[in-house]
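Protein chains in written order, with full-length UniProt numbering: chain A, 1 to 215; chain B, 1 to 215; chain C, 1 to 215; chain D, 1 to 215. Even glycine gets a Cβ: it sits at the ideal position worked out from N, Cα and C.
4 protein chains.
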Amino acid sequence: MQDPQDQTPGDGGDSRPRRPEQTRRRTGGRIRSEDAHEQTLLATAALLEEIGYGRLTIEGVAARAGVAKSTVYRWWKSKAALVMDAYGLAVTQRMPEPDSGDCAEDLRIFVRQLYSVVEHPTRAEALRGLMAEAQLDPEFAPRFTEWVRSRRQVVAALLARGAARGELAADLDLEHAVDLVFGPFWYRLLARHLPLDPADASAHVDRLLAGLRAS
Amino acid sequence: MQDPQDQTPGDGGDSRPRRPEQTRRRTGGRIRSEDAHEQTLLATAALLEEIGYGRLTIEGVAARAGVAKSTVYRWWKSKAALVMDAYGLAVTQRMPEPDSGDCAEDLRIFVRQLYSVVEHPTRAEALRGLMAEAQLDPEFAPRFTEWVRSRRQVVAALLARGAARGELAADLDLEHAVDLVFGPFWYRLLARHLPLDPADASAHVDRLLAGLRAS
Amino acid sequence: MQDPQDQTPGDGGDSRPRRPEQTRRRTGGRIRSEDAHEQTLLATAALLEEIGYGRLTIEGVAARAGVAKSTVYRWWKSKAALVMDAYGLAVTQRMPEPDSGDCAEDLRIFVRQLYSVVEHPTRAEALRGLMAEAQLDPEFAPRFTEWVRSRRQVVAALLARGAARGELAADLDLEHAVDLVFGPFWYRLLARHLPLDPADASAHVDRLLAGLRAS
Amino acid sequence: MQDPQDQTPGDGGDSRPRRPEQTRRRTGGRIRSEDAHEQTLLATAALLEEIGYGRLTIEGVAARAGVAKSTVYRWWKSKAALVMDAYGLAVTQRMPEPDSGDCAEDLRIFVRQLYSVVEHPTRAEALRGLMAEAQLDPEFAPRFTEWVRSRRQVVAALLARGAARGELAADLDLEHAVDLVFGPFWYRLLARHLPLDPADASAHVDRLLAGLRAS
DNA sequence: TCGTAAGCGAGACGGTACGTCGCGTCTTGTG
DNA sequence: CACAAGACGCGACGTACCGTCTCGCTTACGA
């Protein structure tokens, strides 16, 4: 979600930028409890597994974590932000940024990884929940969009390299191409009109490449 | 939402599948108040415009409509179902089922219409809200998926006609092709990484057709 | 509750005087369904047994009786009135009006009968419920008070006969004496500080008579 | 309701037995708002005066007190419990526990005080309402019975002192004697067959004493 | 080494909306 | 007309979470 290096030391690596960016005053005061923090994220993950995003509540997370509600609110401003920290990272941030020298291969790797989310139903549900929340919570939407863009960036770079190498059409519309990678994926994930089968990943990429080469 | 022809006359075009299917017992019982019904839908639409899907509440709808909350609950089992009736119809049901004899032209008409939803921000927000709700409310999800399928059917038929006429590749994968029509649209609508511009509709279709012809 | 002879024929013998007393118009119109009536009272009695006065509802009675709610409302204006018909009669109206020639004996018979209500828990609960309702429903209160007076009358007459025969003090305050018969009974029935034991009836009467003879 | 002496200072004299007995954990947690509490009781009392027990609602009390409904429910589990705190105390707790050395005099004082409730119609109605509620709400009944017993205790003690002093029959049945004090009072209060006149208090006591001396 | 400044648990608070229940009324048939 | 069916407006219910707010206690710096 965030590069590890932009973390204020002692900030736990996952707090949202709610605390003033000006390197935090830090003049005395009890230090943040790493434990409370961790328990919160663990409880969130556990509850996501058990009851799903929709029925997750901050109240419930706090109770499960043995943490005060106010402590949760101190570090995360919404359920979505909490879930994003607890799960988003695990789900997708660790996705590869493949660079094999072969654009088709890179794409294949990336898309396979993308589709593999459905093998972890809770992660898939978390993705759905985050997307849903982004529609309903105007404060969360920009943060989600930003995350989407960061994911797009990986694919865009990958395609740009391919185009530079001449593997793809020169006049490629990058943004549109990236939409063709993610669009059908999200659509199936959300609309559920057909199952999202990791086995389809290859076919998806093949058809994609056909279009991108011709252009 | 529903085929216009399966409407019982005087049933307002929005009957819920809650009442026993078809012929409704109809032996005694006060007849359903067309007025209460209509007022509810109008209030829903009005509030959608004013405060948006996220802040819409059944309580608020009932109050605005001058209708008892229990009456709303009698006919709609969730906010999403209510919005679907109040808005879904207006939003998409009236979309065309073009059949000009030219597949490319048909697609263009359909997609243009699809993209035009963003010219009505409230409708766009309603669409987003419904999709979000489908992720959060397991009871609503199937109903939404069904509606998605009905929309897909229109495009599938259109493409099938084109394939039969030889305008498209014979070995066309229909489902995947339909995903390419709707996927990028929904993706942009929901993720907001880039604006959804009706002017892009043509380009979208052109690229689509290129792929579908080659296959 | 009412003498059988004051019934308009065809009026079922237990309807409350809601219909005008002027021997009912009776000019065409469907005749009152004896069956609906009876089923209502039976359902009331059954539900009293099962769930008690407190949780009894007119809605529930109607459903159980297979009768329309409006039919219940047509003949009884409140739950209390309904219960009074369904149960009150059985509970207390059939109590004896003893006249053995011996005032002490008469009292003993009467009080024993009074206390025996606790052997029928449902009846006891109905009595409690009616008393409670009389406190909460101003419309029902007078009807209940009237019934109380009718019960008092029996005892008053009994005592008056005794006084005339010289078995009791001549300067007896009748109303107060009757209060001493019913007061402690109701008090124990309602306050539940001590169980109401039919075996106590004799002791109650004995102490009572001691006081009434001396005066 | 409770002995005045077992009140934690600042606890308003009306603490519910809902919180763990005695010393309350008191490790963290916002302190209970004495103000919210007091406003609730005041609003209850005010509404009792204005609309009476029957039409009192918790919803209404909360609104009037400017307090959240959930706060009311946190401290009182039913309307009856609320009224008992708001009014019961005022009505009867402050009743005297006379000990003049003369049993007859003590009784007279007590009964006069008892009858005087009818001079405050709202209190009388509250008493009726509480008794009614005790019949209808099984959860409340024991609490009410307990209160009744505490009131009886006062009279029992008074009579026991008299008996010890030889003012009353030695073989006095205390429980029955107490029933004779309260029974007729409640009976008249509830059944309304005759008005409850404070002027009758003396006569009531006189007749009572006659019986208790003779026994 | 002490005071000041957090962080933390607990949990009460004012709110908002929920979804349900029963009321008593009404509007439809049908008999 | 009575009756069944059942929809309607209404009002309150009791619950669930929200996000905020004291509390008392603990921890860590910096003066």
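**OP:** Can you grab the Cα-Cα spacing for the pair E175 (chain D) / V118 (chain C), in whole Å?
**Re:** Approximately 19 Å between the Cα atoms of the pair.
Subject >> Buried or exposed (CB count within 10 angstroms, at least 16 for buried), K79 (chain B) >> reply: By the neighbour-count rule (16 or more Cβ atoms within 10 Å), K79 (chain B) is buried.
Original post:
Between which two residues does the alpha helix (DSSP H) carrying I58 (chain C) extend?
Top reply: Counted as a single uninterrupted DSSP element, the alpha helix (DSSP H) harbouring I58 (chain C) occupies residues 58-65.
Subject >> L168 (chain B) (DSSP reduced to helix, strand or coil) >> reply: In the structure shown, L168 (chain B) sits in coil (DSSP, three-state: anything other than H, G, I, E or B).
**OP:** Return the CA-CA distance between R207 (chain A) and G211 (chain B), expressed in angstroms with no decimal places.
**Re:** For R207 (chain A) and G211 (chain B), the gap between their C-alpha atoms comes out near 8 Å.
**OP:** Pull up the CB-CB distance for W186 (chain D) and W186 (chain C), whole angstroms please, since I reckon it's below 8 Å.
**Re:** Indeed they touch by this definition, with Cβ atoms about 7 Å apart.
Original post:
What residues in the region 164-194 of chain A have a beta carbon less than 7 Å from any beta carbon of chain B?
Top reply: Result list: E175, H176, D179, L180, F182, G183, P184, W186, Y187, R188, L190, A191, R192, H193, L194.
Original post:
So, helix, strand or coil for residue 268 (chain B), using DSSP?
Top reply: The requested residue 268 (chain B) is not part of the displayed model; chain B covers only 1 to 215.
Original post:
Can you round the beta-carbon distance between M131 (chain B) and L190 (chain B) to whole angstroms, since I take them to be within the 8 Å contact cut?
Top reply: So it is a contact: roughly 6 Å between Cβ atoms.
**OP:** Grab me the residues of L47 (chain A)'s own chain with a C-beta within less than 7 Å of its C-beta, minus the 5 sequence neighbours each way, in chain order.
**Re:** Closer than 7 Å at the Cβ level, and outside the excluded window around L47 (chain A), lie L56, G60, V61, R64.
Original post:
R213 (chain C) by DSSP, collapsed to three states: which one?
Top reply: Of the three classes helix, strand and coil, the one that applies to R213 (chain C) here is helix, per DSSP.
Original post:
So with Cβ pairs under 9 Å, would you call Y53 (chain A) a contact of chain B?
Top reply: At least one chain B Cβ lies under 9 Å of Y53 (chain A).
**OP:** Would you kindly check if the distance between the Cβ of L158 (chain C) and the Cβ of R99 (chain C) is under 9 Å?
**Re:** Before going on, a small fix: residue 99 (chain C) reads as Asp here, not Arg. D99 (chain C) is a Cβ neighbour of L158 (chain C), given a cutoff of 9 Å.
**OP:** Show which residues of chain A have a CB atom less than 7 Å away from the CB atom of T145 (chain B).
**Re:** Residues of chain A passing the Cβ test: A191, R192, H193.
Original post:
Quick one, are the C-beta atoms of V178 (chain D) and E97 (chain D) less than 9 Å apart?
Top reply: Taking 9 Å as the Cβ cut-off, V178 (chain D) and E97 (chain D) do not qualify as a contacting pair.
Original post:
For residue 216 (chain D), does the count of other Cβ atoms within 10 angstroms reach 16, so buried, or fall short, so exposed?
Top reply: The question about residue 216 (chain D) has no answer, for chain D in this structure spans 1 to 215.
**OP:** For G52 (chain B), I'd like the list of residues in its chain whose CB is within less than 8 Å of its CB, leaving aside the five on either flank, ordered along the chain.
**Re:** T122, E125, G129.
Subject >> Residue nearest to E133 (chain D) in terms of C-alpha spacing, selected from C:E38, C:G54, C:E49 >> reply: With distances taken between Cα atoms, E133 (chain D) lies closest to C:G54.
Original post:
Residues of chain B with a CB under 7 Å from the CB of A104 (chain A): which are they?
Top reply: Around A104 (chain A), no beta-carbon contact reaches into chain B at under 7 Å, the shortest distance being about 16 Å.
Original post:
Do you know how far the Cα of G66 (chain C) is from the Cα of L41 (chain C)?
Top reply: Approximately 12 Å, taken between the alpha carbons.
**OP:** Anything in chain D within Cβ reach of V148 (chain C), meaning under 7 Å, just list it in chain order.
**Re:** In chain order: A191, H193.
Original post:
When the Cα atoms are used, what is the spatial distance from G13 (chain C) to E34 (chain C)?
Top reply: Legend: pLDDT at G13 (chain C) = 34, less than 50; position of this residue unreliable, no value from coordinates given.
**OP:** Give me the Cβ distance between G183 (chain A) and G28 (chain B), rounded to the nearest whole Å; I'm assuming they're in contact under 8 Å.
**Re:** G183 (chain A) to G28 (chain B), Cβ: 52 Å. No contact.
**OP:** Check each candidate in A:A43, A:C103, A:E49, A:R30 and name the one with the smallest Cα separation from V205 (chain A).
**Re:** Nearest to V205 (chain A) by C-alpha distance, out of A:A43, A:C103, A:E49, A:R30, is A:C103.
**OP:** Please go through the same chain and pick out, in chain order, the residues whose beta-carbon is closer than 7 Å to the beta-carbon of V111 (chain C), but skip the five residues on each side of it.
**Re:** V181, A201, H204, V205.
**OP:** Run down chain B in chain order and give the residues with a C-beta less than 8 Å from the C-beta of L136 (chain A).
**Re:** Y53, G54, G129, A132, listed in chain order.
**OP:** For D85 (chain D), count neighbouring Cβ atoms within 10 angstroms of its own Cβ and tell me buried if that reaches 16, exposed if not.
**Re:** Label assigned to D85 (chain D): buried.
**OP:** Assign G162 (chain B) to buried or exposed, taking buried as 16 or more other Cβ atoms, counted over all protein chains shown, within 10 Å of its Cβ.
**Re:** Around the CB of G162 (chain B), 16 or more other CB atoms lie within 10 Å, so the residue is classed as buried.
Original post:
Are there 16 or more other CB atoms within 10 angstroms of the CB of I109 (chain B), so buried, or fewer, so exposed?
Top reply: With 16 or more other Cβ atoms within 10 Å, it is buried.
**OP:** Flag R64 (chain C) as yes if its beta-carbon sits less than 9 Å from any beta-carbon of chain D, otherwise no.
**Re:** Using a Cβ-Cβ cut-off of 9 Å, R64 (chain C) does not count as an interface residue toward chain D, since no Cβ of chain D sits closer than that to its own.
**OP:** Starting from the beta carbon of G211 (chain C), find every residue of chain D whose beta carbon is closer than 8 Å, and list them in chain order.
**Re:** The contacting residues are R207, A210, G211, A214.
Original post:
Which full runs of the beta strand (DSSP E) of 3+ residues lie inside the region 144-212 of chain A, going along the chain?
Top reply: Those beta strand (DSSP E) runs which fall completely within the region 144-212 of chain A and span 3+ residues do not exist here.
**OP:** Would you identify the three-state DSSP class for A68 (chain C), choosing helix, strand or coil?
**Re:** Reduced to three states, the DSSP call for A68 (chain C) is coil.
Subject >> Contact check, R192 (chain A) vs A156 (chain B), beta carbons under 9 Å >> reply: Cβ atoms of R192 (chain A) and A156 (chain B): not closer than 9 Å.
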